[in-house]
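Engineer:
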Amino acid sequence: MVRHRIHVDGMTCRGCEAVLTREIDAIDDVTDVTVDHETGLVAFATDDTTTGSYVEQAVNDLGYEVTGHDSE
């Protein structure tokens, strides 16, 4: 299982957290989604190494900006 952390600009409230959590959690093979608007971090786990790019695209499609992506 690969853990990902995406740095996101544009989140301002818990509503942003809820929207991102719902949309990211709906992506196949994504588990353990956490979103924190105060730190600007989105974290999740996946077995598929390419899923991170799908999550980045979903974040961007929602009007937020991905500024970084780490995985371990």
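Following my numbering, the numbering of the sequence shown begins with 16 at its first residue and continues without gaps. All C-beta atoms in this analysis are idealised placements derived from N, C-alpha and C, irrespective of residue type, glycine included.
Rounded to whole angstroms, what's the CA-CA distance from Asp93 to Leu77? Just pull it up for me.
Structural biologist: Residue 93 cannot be examined here, being either before or after the span of the chain that is shown, 16 to 87.
Engineer: Does DSSP put Glu80 in a helix, a strand or coil?
Structural biologist: Glu80: strand per DSSP, three-state reduction.
Engineer: If I measure Cβ to Cβ from Tyr79 and keep anything under 6 Å in the same chain, skipping five residues before and after, which residues do I get?
Structural biologist: Val23, Gly25
Engineer: Using a Cβ-Cβ cut-off of 6 Å (strictly less than) and excluding sequence neighbours within five positions of Thr36, which residues of its own chain qualify?
Structural biologist: Val48, Val50
Engineer: Could you spell out where the alpha helix (DSSP H) holding Ala60 opens and where it closes?
Structural biologist: Per DSSP, Ala60 belongs to no alpha helix (DSSP H); it is in the beta strand (DSSP E), 56 to 61.
Engineer: Quick one: measure Cβ to Cβ for Thr27 and Val45, integer angstroms, because I've assumed they're closer than 8 Å.
Structural biologist: With 8 Å as the limit, Thr27 and Val45 do not qualify as a contact, their Cβ atoms being about 23 Å apart.
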